[in-house]
Every structure is written in C-alpha cells, then in structure tokens.
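Counted the way numbering that gives the first Met the number 0 counts, the sequence shown spans residues 0 to 522. Before any comments, here is the structure.
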Amino acid sequence: MLIYIFLYKILQCIYIYLFYIIFPVDFKKEKNRVVTHRDFVRDKIERTHNKTGKVSDVVFEWLKETDILIQQLENLSAQAITRKQFKKLLKRVMEQNTKVPSGNYIQESSTPIPSLEHFSSGNLMCFNSREKISDQLFVALKDDSSMIGLYGSQGSGKTTLVEAMVKKVKYLEIFHEVLFVKVTQNSNIRTMQDEIANSLNMKFDKNSESGRAREIFSTIESMNCPILVIFDNVPAKFDPEDIGIPCNSNRCKILLTTCCQKDCDLLSGQREIQLDPLSRLEAWSLFQKHSCFYDDEKYSRFDLLNVAYEVALECEGLPRTIKDVGSFLKSRPIEEWKTTLDILKHSMAKWQIFLSFRGEDTRYSFTGYLYQALSQAGFKTFMDDGGLHTGDQISPSLVNAIEASRLSIIVLSETYANSSWCLEELVKIRECMKLKNQLVWPIFYKVDPSDIRHLRKCYGKDMDRHENNFGINSERVQKWRSALFEVSNLSGKAYTTGYEYEFIQKIVEDANRIKSRLQIRRA
C-alpha cells in the first residue's frame, strides 16, 4: 500500500512539473507579474498612510483576491490538478493582472496629515507619549476591532485626545457618521438614546427603553456606511447594546473612554488602550507653556525654578491639572506659587503611608504590628484588609490608595512575588515613584535583596510560574521583573533575626524624621 502511495506522489509531481514545462513562459511570467503588482499596490497604500491620500475599497478587495490566488499558486505542487484546471488557474492569474487598480483608486497627496495638535486647536501638545497613544488609537479605528476602550486617570486628557481624533477621522473621511455622547452623572439610558436619536435625525415610535434601543439598532444597521459611536467617560457595567448600539457590526465601531481598566474588561472582543500620565519632562514642558514661566522676566528664575518644578510634579502628570494650575499662577507673586505648592502637597495625598505586603506571610505578624505602630505614632496609614483583591488585577480602591500616598513601604517577604496582586501593586508604586516623586522604602523581610535582584530561590520559582501562566514574553511579566529588579536596588532595611518590635520602632523613627514630607490635609 505504501508503495502505491509513494508512486502516486511521484506521478503527481511529474504531472505538475510537465505543466510547468508545457506553460513555462506564460505561467511563470504571469505569476511573477501578479506578485509584482501585489507588492506595488501594497507599497503605494503604505505611502498614503501618513498622508492625506484616499484608498478605495476596490483596492483592498483586489488585494484580498490576489493574496488568495498567490497562495493557491504556492500550493499548486502539493495538489492533484487536471490540465483543464491548470489552464483555468492560469486564466485567472492573467485576468487578475488586467484588473490591477489604477491611480484613480489610490490618490496620493504630497500634503502630510496635519498633526493631532492641529486638530485639537492647540489643546494637545504632541509629546512622545501622546503621539504613541494617538497612533495606536488611529490604527484601532481603522482595523477590524469592533470596540475600543481608552482608559486613564481622571484629568489625563482622554476627552481632549478623542475630540482631536474625531476631527482627524472626519478630515480623512474614514467614517460617514460620528456620534459623540458625553456621559455625565445625570446621564441615563433614555438621555443617551435621545442624544443618539438627535444625531441621527430620527424620532422614536416606541416609549420603552428596550423599544427605543431596537429602533436605534435598526437605524444603524440599515445605514450602508461606516459609523463611529463614542461614549465618553462611561461608568462601570456599561453596555452599549442597552442604548441600541450594535456591538458586533461590520460597519459600526464603538469607542469608550473610562477611568479604570476594569470597566473596559466588562466588554469582550474589544481593544484596550491605556493613557498614562505625562512623564516628568512632558509635565514640566506643559506647565511652562501654561504658566509662561520663562516669558515673565520680573521673576528671578533662580528663586522660582525649584518651586515651579515642584508644582509641576505635584500635578501628577495630569494635563488638566497642569493647565489649570499653570494658568492660575501666570504672573502671580512668588508667595502665591509657594502657597499653591503647599496646598497641592496637602490636597493631592490622602494617605501618608501605603503598606504593600503578602497577606499570607505577614498580615497577622510583622505587617500587622508595623501598621499598629505607625498608626499609634499618628501616621495615616493604608493597609488592605484583604477584601480588595478580585481576580488577578488589583482593585481601583488599591490603585487610588497607592496614588494618594506620600510613602510606600514594601514588605518583601518570601512569597511576595507569588502573588500577581502584590506584583501589580509594585508596578503601580514604581510608576508613582517616577511620575509623582513618591517615596519608596523596601523592607527585605527574611529575604536577601540579591535573590530578588537576580530572581533566585523562591523569587525565581515564582517568576517561572508566572511565565508559564502568562507567557515568557508577556508584557505584564516583563513589568513585574523590571519592578522587582528596581526595588531590590533601592536603599531599604533588611530583617533576618532579632526582636521584631525593635526593628519596627526604627522604621517609625525614620518616618518621624521625614514627617514634614509626609504631611497631608486632614479631613
């Protein structure tokens, strides 16, 4: 039996080879032409990516057909094919070469697309971090994603970015209709349905929310054109289908903005994009623009420089806060700058100290005693009670507590890295240390800092397990590794043996020495 199969394969190869001999010129020539045409069209489309050029759907349809045809040609030698089928395939190749899209379908322009700063009327500065996110958002708006979730802290500039992107896609005529719904505290399903209906120039025949939703759904589905629906600042447990927006339509794309990634996770099949706070350098540049710091010669820059820089950092990388504070301080006396700095320091933080720890290791021992000692010393200290962990992500309450703390004390115990919650806390603390100048004290509790730095012993085993679960190239795991390495290099305190209460007392004494830096406004 095996001999017959082997002979059949040989005969098949000879059969195909003879076709190549019979049609050596036509077939090879036409095949090479169609590949060349395909590459040429792709290159031309790529050249229009950053320009104002337009690409017709006819072009993309031709490319799709051509890719399928080329794949069939590549697999030809592995298929059983008759002479008639071979001639038919050759004819298809020749026809495809005659249907190459002309320049009328790909209109290039030498004029580049204006920057996003242009579309924002100057409200958005083209920092590297914003350009990167705007590029991701632009790509997502053009690809097959049916829903896009843009999330970031309140005041991070989500609305400004999206409003500028709306002008850009309208300019490029990517969508025929763009519906923008700003969700407020007073918004409900009916008010949002009214906004959608007004934008679509439709009137409801039904009065119930479900009936109105069906009418909106039917209207959008009947529109034979691409449509973008934006819900800005959506709350938790938001479902566009409750409004009547189809979530799996080929023509309708949905963009949601929210403050928390967890709210994005509630919707499946969507693309998530995170808008981080500005870097220190970006925050300082934006602050200078709105405060006109270097334009005002009546100040001694030497006297004011440190105060101004601290004010910019206290704005936590949030463009809205930076703009408001900078505009307020413009041309103000230096005394007001110092007063504003003091107010920011006391108002932005709600906690003096945040404790990050592995509950199973130290909740009812070392960390519990440390919390009690800090509280008795008068420090407003945040310690998770164990009820804020859900799934494998830290809760918004924990994120807010970290962001609103002056000092983070990290109790690095043996199984700290075993917990994805602890590692997510660590990444957030590292972020606040860099962007908000937050103080960070690592406590090496019965572990060697070098074992953390080089991921040895229990830390190495735990990270291996995370790599198996999330993938060795997982961005999440890479962030955890980087955070562990960085915190292990910070100056901290190590405990191995001895009286724990004496060690804890030294931590409290150190905290008292910097109490002025930990001041917050009391409620």
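Glycine included, C-beta positions come from ideal geometry on N, C-alpha and C.
Taking the beta carbon of residue i as the centre, do at least 16 other beta carbons fall within 10 Å, making it buried, or is it exposed?
| i | result |
| --- | --- |
| Pro-239 | buried |
| Phe-118 | buried |
| Gly-377 | exposed |
| Gly-325 | buried |
| Val-138 | exposed |
| Thr-65 | buried |
| His-465 | buried |
| Thr-257 | buried |
| Arg-357 | buried |
| Ser-207 | exposed |
| Asp-204 | exposed |
| Tyr-170 | exposed |
| Gly-268 | Because Gly-268 carries a pLDDT of 49, less than 50, the predicted location of this residue cannot be relied on, and no value is offered for it. |
| Thr-320 | buried |
| Ser-374 | exposed |
| Gly-470 | exposed |
| Gly-210 | exposed |
| Gln-518 | exposed |
| Arg-281 | It is Glu, not Arg, that sits at residue 281 in the sequence shown. By the 10 Å Cβ count, Glu-281 comes out buried. |
If residue i sits next to residue j, beta carbons under 8 Å apart, how far is it from one beta carbon to the other, in whole angstroms?
| i | j | result |
| --- | --- | --- |
| Lys-252 | Ser-145 | 6 Å |
| Asp-323 | Ser-128 | Actually they are not in contact, since the Cβ atoms of Asp-323 and Ser-128 sit about 20 Å apart, beyond 8 Å. |
| Ala-311 | Trp-283 | 5 Å |
| Ile-272 | Ile-147 | 7 Å |
| Asn-399 | Arg-452 | That pair is no contact at about 30 Å. |
| Asn-417 | Asp-447 | No, Asn-417 and Asp-447 are not in contact; Cβ-Cβ is about 17 Å, not under 8 Å. |
| Ser-317 | Ser-120 | With the sequence shown as reference, residue 317 is identified as Leu, and Ser is not the correct amino acid for it. Not really, about 20 Å apart at Cβ, beyond 8 Å. |
| Glu-176 | Cys-224 | 7 Å |
Helix, strand or coil for residue i? Go by DSSP, reduced to three states.
| i | result |
| --- | --- |
| Cys-291 | coil |
| Met-164 | helix |
| Leu-523 | Since the first residue shown for the chain is 0 and the last is 522, residue 523 is missing from the structure and cannot be characterised. |
| Gly-270 | Correcting the residue type first, residue 270 is Arg in the shown sequence and not Gly. Strand, per DSSP. |
| Ala-400 | helix |
| Pro-448 | helix |
| Phe-353 | strand |
| Leu-387 | For Leu-387, the predicted model reports a pLDDT of 46, less than 50, meaning its position is unreliable and no value from the coordinates is stated. |
| Pro-113 | coil |
| Tyr-494 | strand |
| Phe-251 | Residue identity differs from the one stated: residue 251 is Cys in this sequence, not Phe. Of the three classes helix, strand and coil, the one that applies to Cys-251 here is strand, per DSSP. |
| Asp-238 | coil |
| Leu-328 | helix |
| Glu-172 | coil |
| Arg-441 | The residue asked about is misnamed: residue 441 is Pro in this sequence, not Arg. Three-state result, Pro-441: strand. |
| Ile-393 | strand |
Can you tell me the Cα-Cα spacing of residue i and residue j, whole angstroms?
| i | j | result |
| --- | --- | --- |
| Thr-218 | Lys-98 | 36 Å |
| Met-557 | Ile-215 | Any answer about residue 557 is impossible in this case: the structure gives the chain only from 0 up to 522. |
| Ile-333 | Gln-135 | 41 Å |
| Lys-181 | Phe-230 | 6 Å |
| Arg-250 | Asp-143 | 10 Å |
| Ser-490 | Lys-344 | 24 Å |
| Leu-255 | Val-233 | 7 Å |
| Glu-424 | Arg-189 | 39 Å |
| Phe-327 | Leu-303 | 16 Å |
| Ala-403 | Val-507 | 20 Å |
| Thr-389 | Phe-179 | Its pLDDT being 45, under 50, Thr-389 is placed unreliably by the model, and nothing is read from it. |
| Ala-307 | Ser-278 | 16 Å |
| Arg-362 | Cys-421 | 13 Å |
| Ile-428 | Arg-455 | 23 Å |
| Gln-70 | Arg-270 | 30 Å |
| Lys-523 | Asp-193 | Since the first residue of the chain shown is 0 and the last is 522, residue 523 is not available in this structure. |
| Leu-483 | Trp-336 | 37 Å |
| Ala-196 | Pro-113 | 32 Å |
| Thr-366 | Leu-354 | 8 Å |
| Cys-314 | Phe-174 | 36 Å |
| Lys-445 | Tyr-458 | 13 Å |
| Asp-509 | Arg-331 | 37 Å |
| Lys-157 | Tyr-150 | 7 Å |
Starting from residue i and walking both ways along the alpha helix (DSSP H), at which residues does that stretch end?
| i | result |
| --- | --- |
| Phe-137 | 127 to 141 |
| Ser-217 | 208 to 221 |
| Thr-414 | Run containing Thr-414: none; DSSP gives neither H nor E here. |
| Ile-229 | Element bounds for Ile-229: not the alpha helix (DSSP H) but the beta strand (DSSP E), 226 to 231. |
| Val-182 | Where Val-182 is concerned, there is no enclosing alpha helix (DSSP H), given that its DSSP letter is neither H nor E. |
| Lys-514 | No alpha helix (DSSP H) contains Lys-514, which DSSP labels as neither H nor E. |
| Met-201 | Where Met-201 is concerned, there is no enclosing alpha helix (DSSP H), given that its DSSP letter is neither H nor E. |
| Arg-429 | 419 to 434 |
| Met-462 | 456 to 469 |
| Asp-360 | 358 to 361 |
| Ser-481 | 474 to 487 |
What residue does the beta strand (DSSP E) around residue i start on, and which one ends it?
| i | result |
| --- | --- |
| Gly-148 | 146 to 150 |
| Met-382 | 380 to 382 |
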